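Peer 1: Okay, so the sequence shown: first residue is 1 according to full-length UniProt numbering, each after it adds one.
Ideal Cβ placement from N, Cα and C applies to all residues, glycine included.
Small disclaimer: the values here were computed from a predicted structure and weren't measured.
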Amino acid sequence: MALYANAHKLYLASPASGHDARTRSNGKRARILATRAAASSSSSAVEVAYEKGQLERPKWAGETPLSRLVGAVISFKPVYSLLKLGARQVLISTAEKNGVPWREMTRQILESDVYKELESIQNPSLVYPDYYLSPFHAYDEGNLSWMAAAEAEPATTSMSIRAVPDAKSADEATQVVRGNWLEAIEKHHRQHSGGSMVRDILDIGCSVGISTGYLANTFPSAKVTGLDLSPYFLSVAQFNERKRSQRTVPIQWIHANGEDTGLPSKSFDLASISLMFHECPTRATTDVIKESFRLLRPGGTIAIMDQAVPTLCLIFTMFCRICPLCCLHY
1 MALYANAHKL
11 YLASPASGHD
21 ARTRSNGKRA
31 RILATRAAAS
41 SSSSAVEVAY
51 EKGQLERPKW
61 AGETPLSRLV
71 GAVISFKPVY
81 SLLKLGARQV
91 LISTAEKNGV
101 PWREMTRQIL
111 ESDVYKELES
121 IQNPSLVYPD
131 YYLSPFHAYD
141 EGNLSWMAAA
151 EAEPATTSMS
161 IRAVPDAKSA
171 DEATQVVRGN
181 WLEAIEKHHR
191 QHSGGSMVRD
201 ILDIGCSVGI
211 STGYLANTFP
221 SAKVTGLDLS
231 PYFLSVAQFN
241 ERKRSQRTVP
251 IQWIHANGED
261 TGLPSKSFDL
271 ASISLMFHEC
281 PTRATTDVIK
291 ESFRLLRPGG
301 TIAIMDQAVP
311 TLCLIFTMFC
321 RICPLCCLHY
């Protein structure tokens, strides 16, 4: 079985069921609770309301009249440029109002020695898929830039705050989201692994290594590998990991395509895909999942988590049209 989750709710789906348990014939998506939030010991528990039910596709996603209208306006290049700048500023200012020091976190990375990591991380022979070379998340170079890599952690923290609005701090929101995810993974593996240990973990689309670090902390005896298409993200991941205390089993970082990793079949007990599929076209999503099953040992677990967003939100309407893959995902 495979474990699916979003930042608000968690549910299980069997790959043998012949259909995606998330999407029904009426276009609504069912999301079923599988576990409660788990806050860190350093913060008080947060009561998060989970419900079993159906969520309408957001009105700004797909080819609705609202989405087409916004898309037509944005297709005018001067408007697009202004909107891209405005969307970024709104995201940054909102994050900082919620206690995420976005600009300071970005500055610390950009003014560090992170650039020295690139040569040891980058695979110069890697061929990028076409979609990955397009502008994305309001970055002209997409994820292939130092700015995108430097802003990845504050952006991810902001996502946690949106997912857990009742949290008292950004750290508490992060612990709830990650605790939820990790608890579900552990529970699922206990129930379906046949008693096998988690010895090898692959974090596909690991970005700057946030999810990778949580996996390594949860399974300290396992060999954890973080894989990503962006050598800039991986450079930040490796740089940050070097600054932390040495692990008994160091994390390995690989610059590769999750659709075709080149790694041996049946070599992992857990394949994690966290906050990545909203950046992928449907074909890439399908190929990554197929590759994950190829890499998995019998009794292993594939864990997928992505974000849910407000059904009605003008900022997301605009940002979605700037990032067409996000619009396709939602």
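Taking the alpha helix (DSSP H) that Tyr137 belongs to, which residues open and close that run?
Peer 2: As written in the sequence, residue 137 is His, which differs from the Tyr given in the question. No alpha helix (DSSP H) holds His137; DSSP gives it neither H nor E.
Peer 1: Determine the contact status of Gly213 and Gly258, defining contact as a CB-CB distance below 8 angstroms.
Peer 2: Their beta carbons are not under 8 angstroms apart, which means Gly213 does not touch Gly258 by this criterion.
Peer 1: Would you report the Cα separation of Lys84 and Arg162, rounded to the nearest angstrom?
Peer 2: Near 20 angstroms, if we compare the C-alpha coordinates of Arg162 and Lys84.
Peer 1: Helix or strand or just coil, what does DSSP make of Ile304?
Peer 2: Of the three classes helix, strand and coil, the one that applies to Ile304 here is strand, per DSSP.
Peer 1: Just to confirm, are Val224 and Ile185 a CB contact at a threshold of 8 angstroms?
Peer 2: Not closer than 8 angstroms, so no.
Peer 1: So for Arg22, helix, strand or coil by DSSP?
Peer 2: Low confidence applies here, because Arg22 scores a pLDDT of 37, under 50, leaving its location unreliable; read the following figure in that light. It is coil, neither helix nor strand.
Peer 1: Among the residues of its own chain, which have a CB less than 8 angstroms from the CB of Asp260, if the five just before and after it don't count?
Peer 2: The residues are Asp287, Glu291.
Peer 1: List the endpoints of the continuous alpha helix (DSSP H) containing Leu182.
Peer 2: First-last of the alpha helix (DSSP H) with Leu182: 170-192.
Peer 1: Quick check on Phe293: buried or exposed, where buried means 16 or more other Cβ atoms within 10 Å of its Cβ?
Peer 2: Looking at its Cβ environment, which holds fewer than 16 other Cβ atoms inside 10 Å, Phe293 is exposed.
Peer 1: Go ahead and label Val127 buried or exposed: buried means 16 or more other beta carbons lie within 10 angstroms of its beta carbon, across all protein chains shown.
Peer 2: Under this definition Val127 is an exposed residue.
Peer 1: Our contact map puts Leu275 next to Thr218 with C-beta atoms below 8 angstroms; I'd like the distance itself, whole angstroms only.
Peer 2: Not quite, the Cβ-Cβ distance comes to about 17 angstroms (not below 8 angstroms), so this is no contact.
Peer 1: What are the complete beta strand (DSSP E) segments, minimum 3 residues, inside the UniProt domain "Methyltransferase type 11" (202-304)?
Peer 2: Entirely contained in the UniProt domain "Methyltransferase type 11" (202-304), the beta strand (DSSP E) runs reaching 3 residues are, in chain order, 223-228, 252-255, 268-274.
Peer 1: Between the alpha carbons of Ser93 and Arg242, how many angstroms are there, rounded?
Peer 2: Taking the straight line joining both Cα atoms gives about 30 angstroms.
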